[in-house]
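To convert a position in the sequence shown, counted from 1, into the working numbering, add 619.
Every residue gets a Cβ at the ideal spot worked out from N, C-alpha and C, and that includes glycine.
Model, not experiment: these values are computed from the prediction.
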Amino acid sequence: MRWRGRRARATRRPATSADPVAAVLADAAAGGPLVRRFPDVEARLEELPGWIDVEDSGELEGYDTVVRFGDEIASYCDPYDDGLDLALADQPGLDAVLPEDREVVYLRSPLALADVKAAVIRAVLEVNRSPRSPAPSRVLPTEAVEELVATVRPLLEQAGFANTHAGVRYFYREGRDGFVGSIAFASGSGTSADRTSQDGQVWVMSGTHLPGIGRDVPSSPDRVAPVHCHQLVQHWAAPTADDLRRLLVAEVLPVLDLTRDRAGLATWIGEDPTRVGVPDQRPTYARLFAQWGQADQAARVVAHLDRHWRSLRAHPDTAAARELIRAAARR
620 MRWRGRRARA TRRPATSADP VAAVLADAAA GGPLVRRFPD VEARLEELPG
670 WIDVEDSGEL EGYDTVVRFG DEIASYCDPY DDGLDLALAD QPGLDAVLPE
720 DREVVYLRSP LALADVKAAV IRAVLEVNRS PRSPAPSRVL PTEAVEELVA
770 TVRPLLEQAG FANTHAGVRY FYREGRDGFV GSIAFASGSG TSADRTSQDG
820 QVWVMSGTHL PGIGRDVPSS PDRVAPVHCH QLVQHWAAPT ADDLRRLLVA
870 EVLPVLDLTR DRAGLATWIG EDPTRVGVPD QRPTYARLFA QWGQADQAAR
920 VVAHLDRHWR SLRAHPDTAA ARELIRAAAR R
């Protein structure tokens, strides 16, 4: 099991020009019209940037950038079949590439986001005009993941989960106090920190969304995904119904059941503050627990910080938690 919190990334380099995307489009225009993938749909060069979003991301170890493609990208290329991942890997400044599916790719890059977007556009244009053969891979097709998810759907529904608007691989469950549990399934790929291959495995992401915490706050519970959860848990399962069910029953659902509300989350983290994988976030949880009236659990987190993280003793949230704990003791 891996906990992944939102971590500050290193400072990005300055942009190479006032508008790197415009420079790429100007170069591409000199090369003539784009190749149509569908007879009745024109691939317009000037519209391509609108179908690509590039943002900072701290959700996956080793990757600091997420690229999201709109459905319209299919008019320019098929990210899988045309070898877009290979073209991305060849772009200067893109140090690592991890496709999640046809719509989402994680990258590691020190470039400014504008330069990353320019590099992604350049890669799309390259495979539009000269498609590549996909790299040999044991990565499960999305369809295979969806078939496996269908086998555990009754288990998830019995536990109170339902599909989100994002599709059949994404589930949510409303808890108490505005909490929302989230589970998503995708194709595993790449290698873990211990060099174990994750190709051919099912990637299971889960977490509990706390209302009002995090940069991205969904508008409704059915729009929550693991990326919105302050503490994201990642697991990998063998591509069999039995292994996936076993993982959900033994690892995923028990944690989500224990963290369905304020009291449950406070108790679970209070028992072991290292369950908040990023130490710098532990003072925030101490303050939250104290504000929620969970003074005993807040005190456990503060004691952990005092014992193991001297640099966080004077953190503003640690100080706020101490004051709230003392105030609770005086009542």
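The Cβ neighbour count for Val836, taken over all protein chains shown within 10 Å, is under 16; the residue is labelled exposed.
In this structure, Asp880 sits away from Arg906, with a CB-CB distance that is not shorter than 7 Å. Taking a 10 Å sphere around the C-beta of His849, we find 16 or more other C-beta atoms and assign the residue as buried.
CA-to-CA, the gap between Pro830 and Phe798 works out to about 6 Å. Taking C-beta atoms under 8 Å as the contact rule, Asp862 and Ala869 fail to qualify, at a distance of about 11 Å.
When the alpha-carbon of Glu719 is set against those of Val771, Ala634, Ala648, Gly809, the nearest one is in Gly809. Comparing alpha-carbon positions, the option among Ala763, Arg748, Arg919, Asp915 lying closest to Gly651 turns out to be Arg748. With contacts defined by Cβ atoms closer than 7 Å, Ala844 and Ser801 form a contacting pair. Listed in chain order, the alpha helix (DSSP H) elements of length 4 or more contained wholly in the stretch 654-741 are 703-708. Counting along the chain, Arg792 sits inside the beta strand (DSSP E) bounded by residues 786-793.
Where Gln777 is concerned, the enclosing alpha helix (DSSP H) starts and stops at 761-777. For Val823, the enclosing beta strand (DSSP E) covers residues 821-828. Separation of the CB atoms of Ala738 and Leu713 is rounded to 6 Å, and the pair is thereby assigned contact status at 8 Å.
Judged by DSSP secondary structure, Ala634 falls outside any alpha helix (DSSP H); it is assigned neither H nor E. Asn782 is bridged by DSSP to Phe790. The straight-line gap separating the alpha-carbon atoms of Tyr789 and Ala647 is approximately 37 Å. In the structure shown, the three-state DSSP call for His849 is coil. With fewer than 16 other CB atoms across the displayed protein chains lying within 10 angstroms of its CB, Pro773 is exposed. If only complete runs of 3 or more residues are kept, the stretch 850-931 shows the beta strand (DSSP E) at 851-856, in order along the chain. DSSP places Ile802 inside the beta strand (DSSP E), whose first and last residues are 799-806.
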